[in-house]
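**Student:** Residue numbers (our numbering), protein chains in the order written: chain S, 1 to 437; chain U, 438 to 827; chain X, 828 to 1092; chain V, 1093 to 1375.
Here's a structure for you.
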Amino acid sequence: MSASATARGRALTSEEAAQYRVPKEYNQAVALQSQLVRKYFEDLAAAAAKGKKMAYGLVEANPIEILRLFDIPAVYPEVFSLQISYKGGALPLMLAAENEGYSTDCCSYVKSGVAAVPPIGTGQTPLGYVPKPDIAVLTYSGCQIYIHWWEQYHYWTGAKIFTLDIPYVRDYERDRYVPRHDVRYVADQLMDVISQLEQITGIRYSEEKLREILTYSADAWDHWRMALEMGKKVPSPLDGYFEAIYYMSLITLTRGDKTTADYYRFLVDELQRRAEAGIGPTPEEQFRLVFEGVPNYPYYKDWWSLFKRWNARGVVGTYPKVTGVVDYFRFNPDRPIETIAEYMIHAYCNWNMLMRADLLKYYVDAYKADGVVIHSIKSCRSFSMGQGDFKEYFVGMDVPTLMLESDHVDPRYYSDAQMRNRIDAFFESLALRKGLK
Amino acid sequence: MTLLEDAASREPLELFREVTEDSYVDFSWQRRWKEETGGRLLGYFPVYFPEPIAHSLGFLPVNILGASGYIELEKATAHTQSFVCSISRSTFELAATGHLDHFDALAFTNICDVARNLSGIIKRNKPDKTVVYLHMPINNAVAPAKDYLYGEYGRLIEKLEPISGRKLDMEALRRSIAIYNEKWELQHRMEQLRIERPWLLPYDEYYYALRAGQLLPVELYVEKMRSFLGEVEKRDRKQQDKIRMLVLGDFCEQPALPLMRAMEDAVYLVYDESIIGPRWIGRVDGAEEDPLMALVKAYTDNLKPLTTRYHPLIDKQQHIAELVKDLRIDAVLFLVPKFCEPALYDFVIRKLALDKMHIPYVKLEYEESETTFENGRMTLETLAESIIFG
Amino acid sequence: MITAGIDVGARYVKAAILEDGKRVLVTLVDRSGYDPLGAARKAFESALSEAGLDRSDVSYVVSTGFGRHRVDFRDSNATDITAAAAGARFFYPGTRTVVDVGAGNTRTSKLDENGKVVQFRVTDKCAAGGGGFLERISFYGGIDLSQLEDLALKSQKPVMISTVCSVLAETEVINLVTKNIPIEDIMMGAVMSVAGRVVAPIKQVGLTPEVTLVGGMNMNAAFPLALERFLKMHVNTSHDLVFGNAVGAAYLGYRRLQKKAVIAQ
Amino acid sequence: MMGEEGYVIGVDSGSTYTKGVVMHVDGRIAATDMTMTGIRILESANKLYRTLLEKAGLSESDVAYVVGTGYGRYQITFGHVQVTEISAHGLAAHYLFPRTHTVLDMGGQDTKAIRINDKGEVIDFTMNDKCAAGTGRFIEAASRALGLNLRQASEIALNARRPVKITSTCTVFAETEVLEHLAAGERLEDILYGAYLGIATRSVGLLRRVGVEPEVTFQGGVSLNKGMIKAVEEMLHMKVNTSPLTMYGGAIGAALYGLKQLTGKEEMIMPTADRAPREVESA
């Protein structure tokens, strides 16, 4: 007999739900996504083979439009690290890095990122070949460790660092206030980087071309937002956390071209069809959850199934907003440089803790959620430090909140039994609250 | 007798020790100062803060350096996770338990993600407290950085003026810079003393003298420091056969004094990064016609490396190589606060340089609240044994 | 010439009596209890009587371990790392890498050809808890610590247990037990997780053969085996090395006396 | 399904011990027992199940419902249903002390802070961070390192005058801290009580995460430890409920859960008339 069933009435959990998969015809976006991501990695390898200069970029605040302008292929160590971890290949990289003196307290993104490429690694990974950086574009937004990470590359590989200093959204007295001098500062730096890239690549800067790229970005961006906001529907046609994390790959990696823009149109359309057919990520929708925090990649599907078996759907998450808080920011191709500057400022983790708490509160209300799940990881103190305070905040508002702990890349921090225990207990109490039997 | 009269009558070291121990949790000295002088209090989190700005507006800038285990982390346990460094947790505890209430403003800078978020959750729990978060530039090699930081200091002044009821006066600021330059020179003189004749000034005396500089009114401190150093330089003590050691990593969280004492039994700690901010900034150019811009340049143009501040033009490996050479260092101690990522990454960068030079080094994790120090003693004794004997 | 070594550890006091820096006459162990100094005295005295010696026969006493400064009858003291190095060289003169897994932290060191410590590491806080961990694991497995090695050696495919922290590893073991995984595979997995935590510090000091294991882990045949799997290299072990630090301390005393003798001439 | 006769059994398969209770449908506890869990979880659970029937003088047919809880709950195949020990402890605390609103459960591996409503249902809960795991086993290890058993340690701790600070969150390091203080010549009682206070502080921190609302009931293996009770009360600045039955909290809760499923009865409060079987005291 299945876990936590009730003696009378139907079961609240089922292993069928845990294993449930959205019918193929309603789940093509994911397949298409992985196909396009594969192509992205192939193009990288090809470019590297041709001896093209490789830029390393960071997910938060990546000025991908500008790199496109100068036809520089960009590698995102965060992305290849999480993909390696997702494919179960992270542990050897952790150990290799630790043998070089990196502590268990260092971010596992940094460890896998540095250990994957020479001189520590070979560049050969479960994803295929990952080139080491020639140019490392440091977008200091939302994460201080970005700086230290890029410094590691500089001292290990001699990569040249291009610095973009993005001020934190930090004025606690004035809500959502971004001083003018912040935007000007970022814009000035962008122009500085542009002129340096002109020299390196010999390509002239064309504002017109940039506008064109940004128009695609804006288009993709708007549909990306529409897709995520489908989570407001009851029942929700998508899992705004576990599925959205698949969907966010392209907005991060290939924003600014037609293919990507079309992809997000396709996604919105697919989710529409799901909604009309009453299809969602779980057989039915018993619980609606807001997710705060970075996911667990090494056990992604197992972890997800612990929620699915309760027919719980993540209706929205903060993590997909690390590429920019879509609810708040929109691209404006008419002010190309400023709009990129503003985009870089409004990465989720570049928002101060009060704004983050407010956003979560807004999510709970606007997405009619039953509770909040906070996944706290030691690796990312930018995300995690103070999540305990969020818990306090929600306890104060009588919003059920579950705190979980593991890591996003390092498999050594995941304990199946404890995860299950905490998650089951959380749903048991949610069920009581909702009077489910 | 007023607080300042009393202080004037005190032995420097006695005063230094007293205010240091008072600043773990109580800050009663500063509270009395506020009551008696009607001045304002500004508390700031490590590593660097432009003290002269606050000073010129009638604030006593006080460095909040963690409770060093003198407070139970109860609220901190609820609000912050256990993988967060001790100084941040104890600082939150101090704020949450009202020990920082008499500070009119709290200031933080972008030294790390933890300190950044800490500023936010303190504000969330103390909505009425003015909490200023300064984003110090990291792209310091480009021109816009200066204008930006100038504007950022403008933001700071905007927040402080209403509290102090004064407007910023450039002449006052110039005078503040001058007196803080004096403070820097005295601390620099003490640094040199530890480098040349470490046996004259044991670590804990040096530490009290250093920390008091972040707690006392600068005028009082400068006067006391002068007589203290005068006394120390006259000391006649015997040099022991100990190796000369460089300590790196203690730039933010404070190592427990008994740990440092235990280690100094075995070696001479000739240079360290404890309370490095005010020492790192160096002399601020008083001649500059815009004193605020002088403060800005002192930060952006500073080419001394600082773990918590990135500067594109600095080569950290070359710097540690020079440091080891110039200070005649036998071995390096990486004193890493538990869970302090910045220190952990710089460790790797610097160790790579030391490996090339065949300079022995050890890494030791510590927490401000530690109560046992055998690990540290054993580590340094072994190092000394391996260098002196064998 | 008789020299003695007293190793006052966190849990145990070990004593060794050495003759002419060659023959180990006595080694014995006792609980530190809550009077380390008393325990040290007692261990020393019983060692003497066992060797049929008198206090006056002993020309030099070296104390080591974290209670070393409290041993009031010592002639001098050495840290665990220095003592372990001397002990390892005493039993295996070819030793270049020393591994000493204590109940709390773990110490690794690299020696030059003369046995001088040139590089060493004390594990980070999070890598601690080697010895105690296995005790508790056996407890949960409902077996005696002495059975653990036989069980572990039976293991066909040891399970992977987190190497990051002994507390987490312990929880994992319990979870594994609830999953009906063969006990021998769990036990070997546990042993390997302890070994795994030692690999990084060894690599950091620079792995050079011969590798010698000092301390209590020599009692557990499974541990060196696990370590060898990670290092892909032979590891010197023997039951004598359980007393490596005490013997090493006594050996240091012997060398000290020789130096003195040389100076005297 | 069944009348006012009959029994339910709750089995709590924990990391160290498997505990069980037999409960009459009217809520009376008919028998309690415990055994080492060891590596054969189902076996020890089965063994316990039979002893319980024996003790209560019942036969299988008298048992209408069996509920499993604890880490090994999915192994207890003869159970009708499983429930997490968090929900179980909530129900049990309410059963033992009806005015309970906050529960502190200290086990060998985890510490749990649970807030419950007037029916003993879990409103909110939180568990220790990874870096603060293993409370119970730390107390054991510390005592063992000092060559004492838990009871002795607890008695000694009560005589503390100037407790030393044991600050390390990590139990591994707290352990070495204890031993080093010993070597430094600190007094035994002060070290032990210092260790208890350190744990109590962190546990109270956990309670704050869910919000402390009186009464507070202290459960789990560690809650029988007098020194720990004192420390928790000292840090919490209030009395906490404890009972010799408290280590059976999981099992009692499981039984109550079964009772609820069975009779649909919303809540069940311990019949004050009869207290727990005496021998539990010495457990």
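Idealized CB from N, CA, C, for every residue including glycine.
Just so we're clear, the structure is a prediction, and the values are computed from it rather than from any experiment.
1. By how many angstroms is the C-alpha of residue 942 (chain X) removed from the C-alpha of residue 912 (chain X)?
2. Got a sec? Which residues, its chain only, sit under 6 Å from residue 945 (chain X) by beta carbon, not counting five neighbours each side?
3. Answer yes or no: does any C-beta atom of chain U fall closer than 7 Å to that of residue 188 (chain S)?
4. Chain U beta carbons: is any one of them nearer than 7 Å to that of residue 1026 (chain X)?
5. Less than 7 Å separating the beta-carbons of residue 294 (chain S) and residue 108 (chain S)?
6. Closer than 8 Å by beta-carbon distance: list the chain V residues that pair up with residue 413 (chain S), in chain order.
7. Could you give the first and the last residue of the continuous beta strand (DSSP E) run that contains residue 1160 (chain V)?
8. Using 7 Å as the threshold, is the C-beta distance between residue 1332 (chain V) and residue 1310 (chain V) below it?
9. Select from U:806, U:745 and U:808 the residue whose C-alpha is nearest the C-alpha of residue 575 (chain U).
10. Rounded to whole angstroms, what's the CA-CA distance from residue 610 (chain U) to residue 731 (chain U)? Just pull it up for me.
11. Quick one, which residues of the region 1186-1214 of chain V are near chain S if we go by CB-CB under 8 Å, in chain order?
12. Residues of chain B with CB under 7 Å from residue 906 (chain X), in chain order?
13. Check the Cβ-Cβ distances between residue 173 (chain S) and every residue of chain V, and say whether any is below 7 Å.
14. Could you tell me whether any Cβ in chain S is nearer than 7 Å to the Cβ of residue 1002 (chain X)?
15. Please report the distance separating the alpha-carbon of residue 184 (chain S) from that of residue 140 (chain S).
16. What distance in whole Å lies between the Cβ atoms of residue 720 (chain U) and residue 554 (chain U), which are believed to be in contact at a cut-off of 8 Å?
17. Since residue 758 (chain U) meets chain S, which of its residues come closer than 8 Å, beta carbon to beta carbon?
18. Using a cut-off of 8 Å between C-beta atoms, extract the partners of residue 354 (chain S) located in chain U.
19. Are residue 764 (chain U) and residue 708 (chain U) closer than 7 Å when you measure CB to CB?
20. For residue 1226 (chain V) and residue 1110 (chain V), I'd like the C-alpha separation in whole angstroms.
21. Tell me, which residues are paired with residue 834 (chain X) by DSSP?
22. Among S:63, S:115, S:66 and S:51, which residue has its Cα nearest to the Cα of residue 81 (chain S)?
23. Report the residue from V:1151, V:1147 and V:1168 whose alpha carbon sits nearest the alpha carbon of residue 1411 (chain V).
24. From residue 1013 (chain X) to residue 84 (chain S), what does the alpha carbon distance come to, in whole angstroms?
25. Measuring straight from C-alpha to C-alpha, what distance separates residue 112 (chain S) and residue 403 (chain S)?
26. Let me make sure I understand the geometry here. Which of X:1076, X:927 and X:931 has the alpha-carbon closest to that of residue 1038 (chain X)?
27. In chain order, what residues of the region 1235-1248 of chain V put their CB closer than 8 Å to some CB of chain X?
28. If we define contact as Cβ-Cβ less than 7 Å, is residue 788 (chain U) a contact residue for chain S?
29. Measuring straight from C-alpha to C-alpha, what distance separates residue 658 (chain U) and residue 626 (chain U)?
30. Which runs of the alpha helix (DSSP H), 4 residues or longer, sit entirely within the region 282-314 of chain S?
31. Please tell me whether, using a cut-off of 6 Å, the distance from the CB of residue 831 (chain X) to the nearest non-hydrogen atom of the ligand ADP is below it.
32. Less than 7 Å separating the beta-carbons of residue 861 (chain X) and residue 1238 (chain V)?
33. Assign residue 405 (chain S) to buried or exposed, taking buried as 16 or more other Cβ atoms, counted over all protein chains shown, within 10 Å of its Cβ.
34. With a threshold of 7 Å between beta-carbons, can residue 1297 (chain V) be considered close to chain U, or not?
35. Determine, using beta carbons only, whether residue 1113 (chain V) and residue 1340 (chain V) come nearer to each other than 7 Å.
36. Tell me which same chain residues have a C-beta within less than 6 Å of the C-beta of residue 1197 (chain V), skipping the five on either side of it?
**Tutor:** In this structure, then:
1. 7 Å
2. 937 and 939
3. yes
4. no
5. no
6. 1222
7. 1155-1161
8. yes
9. U:745
10. 10 Å
11. 1202, 1213 and 1214
12. Note that chain B does not occur in the displayed structure, where the protein chains are S, U, X and V.
13. no
14. yes
15. 16 Å
16. The pair is not a contact, with the Cβ atoms about 34 Å apart (cut-off 8 Å).
17. Ordered by position in chain S, no residue passes the 8 Å Cβ test against residue 758 (chain U), which lies about 13 Å from the chain.
18. 557, 560 and 561
19. yes
20. 18 Å
21. X:841 and X:891
22. S:115
23. What the structure shows of chain V is the stretch from 1093 to 1375, and residue 1411 (chain V) is not part of that stretch, so it cannot be assessed.
24. 27 Å
25. 26 Å
26. X:927
27. 1237, 1238 and 1239
28. yes
29. 14 Å
30. 300-308
31. The model depicted lacks the ligand ADP and carries no ligand whatsoever.
32. yes
33. buried
34. yes
35. yes
36. 1181, 1204, 1311 and 1312
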